[in-house]
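Student:
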Amino acid sequence: MKNLLSHRLPTILGVLLIIGCAVTQEAKAGESQYRCSVGKLYKKVNDTLLMRIGTGFVAGNQSHICTAAHVVMQDTLLFKLWGSTKYDSVVVKYLNPQHDLAVLETINDVQMPSLQFGDFDLLREGDSIIVVGWRTDKLLQAEIILIYSIGLATIGSTTVDYVAFMSNSIPGYSGGPVLNIEGKVIGIFKGQFEFIGTDSTAVKSEIALSIKPIIIYEDSLEE
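Read in order, the letters of the sequence shown correspond to residues 65 to 287 in the working numbering.
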């Protein structure tokens with residue numbers, strides 16, 4: 065893994081994209097769609113104070129918000145889309161701690177722009193992906209980076225498909241979408257982990273877990 069990283073590191077670090085600034089032509093086509101479907105999740109501390117706890121995104125059903133299970137701290141949260149001034153109340157509809165996935169639903173069945181799901185199984189090492197998250201409370205960031213590892217992660221008693229990459233993520237990215245280069249969701253941002261390479265070198269990187277359990281959940285709603 066050390067050799068792989070030494071060859072790819074300059075490219076793995078990728079291109080830092082701030083939404084609203086110049087982006088590469090490759091990502092420009094899907095920018096407006098994922099920008100309008102990603103938002104921030106908040107918990108209510110008291111009647112006047114909100115605390116941002118992570119990222120969420122609309123995918124599949126237009127009233128459903130996908131996020132990471134570890135972001136969901138209580139039954140009722142608030143969701144605010146990028147560029148919106150409106151906070152929508154959402155409740156937990158599906159929780160899968162083993163895969164660190166959750167689906168929330170707007171209380172009033174509010175319909176929002178929705179991302180499409182892509183095929184995780186088509187990904188290969190060296191493919192470009194797009195990681196989306198909140199850099200600050202106001203800036204939405206998207207990075208085009210390369211996958212350097214694909215495999216199975218053991219979480220408790222469950223094995224989960226993952227992709228590993230290096231990005232400029234910060235706390236608050238959890239639950240954000242990871243997209244293929246076509247702008248379709250293939251994973252959900254989990255967090256930072258240490259991987260041990262064949263030369264016993266520990267490499268810190270981020271991973272995204274496969275979105276497949278959520279796709280199955282969404283498909284079951286349509287039957």
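Note that the Cβ used here is the ideal one computed from N, Cα and C, for glycine as well. Quantities reported herein were computed from a predicted structural model and do not represent experimental measurements.
Taking the beta strand (DSSP E) that residue 196 belongs to, which residues open and close that run?
Tutor: Locating residue 196 in the sequence shown gives position 132, where the first residue counts as 1. 192-198 is the span of the beta strand (DSSP E), which, as asked, contains residue 196.
Student: Could I get the ranges of all uninterrupted beta strand (DSSP E) runs contained in the region 125-179, with 3 residues as the minimum, in chain order?
Tutor: 128-131, 140-145, 152-160 and 165-170
Student: Answer with buried or exposed for residue 176, where buried requires no fewer than 16 other C-beta atoms within 10 angstroms of its C-beta.
Tutor: Along the sequence shown, read from residue 1 onward, the residue named residue 176 stands at position 112. Burial of residue 176 is indicated by the presence of at least 16 other C-beta atoms within 10 angstroms of its C-beta.
Student: Between the region 141-152 and the region 178-197, are three or more C-beta pairs nearer than 8 Å?
Tutor: No, they do not touch.
Student: Taking the alpha carbon of residue 216 as the reference point, which residue from 248, 228 and 194 has its own alpha carbon closest?
Tutor: Here residue 216 is taken as the residue at index 152 of the sequence shown, counted from 1. Taking only the C-alpha atoms, the option nearest residue 216 is 228.
Student: Measuring CA to CA, which of 212, 187 and 129 is closest to residue 9?
Tutor: Residue 9 lies beyond the stretch modelled for the chain, which goes from 65 to 287, so this question has no answer here.
Student: For residue 275, which three-state DSSP category applies?
Tutor: Looking up residue 275 in the sequence shown gives position 211. Residue state, collapsed to three classes: coil.
Student: For residue 285, which three-state DSSP category applies?
Tutor: For this step, residue 285 is matched to residue 221 along the sequence shown. Three-state DSSP puts residue 285 in a helix.
Student: Mapping the DSSP letters down to three states, classify residue 188 as helix, strand or coil.
Tutor: Here the question's residue 188 lines up with position 124 in the sequence shown. In this structure, residue 188 counts as coil in the three-state DSSP scheme.
Student: Quick one: give me the first and last residue of the beta strand (DSSP E) that residue 203 is part of.
Tutor: The residue you call residue 203 lines up with position 139 of the sequence shown. Run containing residue 203: none; DSSP gives neither H nor E here.
Student: Could you tell me whether the region 121-137 touches the region 232-241, using the rule of 3 or more Cβ pairs below 8 Å?
Tutor: yes
Student: Under 7 Å, do residue 208 and residue 194 count as touching if we go by C-beta distance?
Tutor: Taking the first residue of the sequence shown as position 1, residue 208 is located at position 144. Taking the first residue of the sequence shown as position 1, residue 194 is located at position 130. Yes, they are a contact pair.
Student: Keeping to the same chain, check which residues put their C-beta closer than 6 Å to that of residue 116; ignore five residues upstream and five downstream.
Tutor: Against the sequence shown, residue 116 aligns to sequence position 52. Cβ within range, chain order: 104 and 106.
Student: So the beta strand (DSSP E) residue 237 belongs to, where does it begin and stop?
Tutor: In the sequence shown, counting from the first residue as 1, residue 237 sits at position 173. Premise fails: residue 237 is in no beta strand (DSSP E) and is neither H nor E.
Student: Hey, residue 165 and residue 133: beta-carbon distance below 7 Å or not?
Tutor: Here the question's residue 165 lines up with position 101 in the sequence shown. Here the question's residue 133 lines up with position 69 in the sequence shown. Against a cut-off of 7 Å, the Cβ pair of residue 133 and residue 165 comes out as a contact.
Student: Classify residue 113: buried if its beta carbon has 16 or more other beta carbons within 10 angstroms, exposed otherwise.
Tutor: By one-based count along the sequence shown, residue 113 stands at place 49. It counts as exposed.
Student: Taking residue 227 as part of the beta strand (DSSP E), name the residues at either end of that continuous run.
Tutor: In the sequence shown, counting from the first residue as 1, residue 227 sits at position 163. For residue 227, the enclosing beta strand (DSSP E) begins and ends at 222-229.
Student: Could you give the residue range of the beta strand (DSSP E) that holds residue 113?
Tutor: Indexing the sequence shown from 1 puts residue 113 at position 49. Counting along the chain, residue 113 falls outside any beta strand (DSSP E), and DSSP gives it neither H nor E.
Student: Please state whether DSSP places residue 280 in a helix, a strand or coil.
Tutor: By 1-based counting over the sequence shown, the position of residue 280 is 216. Here DSSP, grouped into helix, strand and coil, assigns residue 280 to helix.
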